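Position 106 of the sequence shown, counted from 1, bears residue number 262 in my numbering, the numbering being contiguous throughout.
Note that beta-carbon positions come from the ideal geometry of N, C-alpha and C, so glycine has one too.
Being a predicted model, the structure only gives us computed values, none of them experimental.
Taking it in order: structure first as structure tokens, then the write-up.
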Amino acid sequence: MYLKIVLIGPCRSGKTVIANFLSDCSDSVSGEYRPTQGVRIVEFETQNLNMSSRGLKAEVELWDCSGDTKFEPLWPAMYKDAHGIVFVYDPSLPGVASELDNYFEAFINESGNLSLTNTKNWLVIKHTKNNDSTNTTLSNNFAKISQVTANVEENGQKLRSDFSNYLAGLVVGVRDRNEQDELNILTVI
Ligand SMILES: Nc1nc2c(ncn2[C@@H]2O[C@H](COP(=O)(O)OP(=O)(O)OP(=O)(O)O)[C@@H](O)[C@H]2O)c(=O)[nH]1
Ligand SMILES: [Mg+2]
């Protein structure tokens, strides 16, 4: 099974660091900030997901998107045919709540991608890079979404397992939808 997942959120929130970590490209965080130019796609296979998805493997295509609005013309390519969306934010950066609302509007409300309107296919990662205690409250758009807190350096294992649970849910959802599609075809025939 193939899954396309979009990673979006403000600049400097750590999307590239998280994408590298989850795809096993890198376990270390280098201090140098290199903004993603447009989008970068990393691919990996899921390993052991949880019980409900036992036996199901997925090829994950993680779209590590730039948070810069100058790349807005690329947004339609980013959300097209995506199965899931992961919002990443750093609560210590200013203005992130309204930036997240902008992505929400474009990727969920206006994209026309039905998979992305299903709250089960969303994940919010609150990424705390340092021990800054500044906090941010997200708008009501995000009230129903499961939110996890991550810190790649201090507890990468937790991020891996939270992400794995999210993937397991996606895999089961996509499988059920495929089965339903097959049933629908059979009843038409
Ligand atoms: N110490 C520490 N630094 C981090 C961590 N995550 C990200 N950083 C740093 O924060 C900066 C931004 O991280 P990126 O992952 O490049 O941010 P991004 O969300 O991909 O940004 P754009 O590509 O511009 O949208 C870089 O300098 C990273 O090294 C972390 O967990 N710990
Ligand atoms: Mg990046």
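Return the first residue and the last residue of the beta strand (DSSP E) that Phe243 is part of. Gly240 to Tyr245
Would you decide whether Ser254 is buried or exposed? Buried here means 16 or more other CB atoms lie within 10 Å of its CB. exposed
Quick one, are the C-beta atoms of Ile174 and Val216 less than 8 Å apart? no
Distance CB(Phe243)-CB(Val280) smaller than 8 Å: yes
Please return the same chain residues whose Cβ sits closer than 7 Å to the Cβ of Ser295, not counting the five positions on each side in sequence. Ala253 and Asp257
For a quick check, are the C-beta atoms of Asp220 and Arg196 less than 8 Å apart? yes
From the DSSP output, in three-state form, read off Tyr235 for me. helix
Boundaries of the beta strand (DSSP E) in which Ala175 is found, first to last residue: Careful: Ala175 lies outside any beta strand (DSSP E), inside the alpha helix (DSSP H) at Lys171 to Leu178.
Relative to ligand 3, is the shortest distance from any of its heavy atoms to the C-beta of Arg168 smaller than 7 Å? Ligand 3 is not among the ligands present in this structure, which contains only ligand 1 and ligand 2.
Quick one: give me the first and last residue of the beta strand (DSSP E) that Lys160 is part of. Tyr158 to Ile164
Start and end residues, beta strand (DSSP E) containing Ile341: Per DSSP, Ile341 belongs to no beta strand (DSSP E); it is in the alpha helix (DSSP H), Val308 to Val344.
Near Tyr141, what residues of its chain come up, given a Cβ to Cβ distance below 6 Å and the 5 sequence neighbours on each side ignored? The displayed coordinates of the chain run from 157 to 345. Any statement about residue 141 would go beyond what the structure contains.
Opposite Cys221 in the DSSP bridges: which residues? Val195
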